[in-house]
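Visitor:
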Amino acid sequence: MQTLDELRRHHPDIGADYTIPQGWGRYAAAEHGIWRTLFERQAEILPGRACQEFLDGLEKLNLV
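The working numbering applies: residue 1 is where the sequence shown begins, and numbers increase by one.
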């Protein structure tokens with residue numbers, strides 16, 4: 001795993017918690033809709049393909 005200093009070389013705006021600004025405002029509503037549709041479509045076929053821990057994580061993050 002890379003250290004925070006190593007990550008900063010590629011992502012100078014990375015936070016101490018390893019997050020970076022996502023810039024959601026740069027995307028139009030239609031673009032958000034496309035990604036929502038794609039994610040929902042993929043999420044439907046995850047059971048039986050992804051481990052239960054991953055599925056539980058999606059629920060805990062309120063992504064499904």
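C-beta: ideal position from N, C-alpha, C; glycine also. None of these values were measured; they are calculated from a predicted model.
1. Expressed to the nearest angstrom, what Euclidean distance is found between the alpha-carbon atoms of L63 and R9?
2. My output table needs one value for A28: the three-state DSSP class, helix, strand or coil.
3. Opposite A50 in the DSSP bridges: which residues?
4. Is G57 helix, strand or coil by DSSP?
Guide: Concretely, from the data shown:
1. 30 Å
2. coil
3. P47
4. helix
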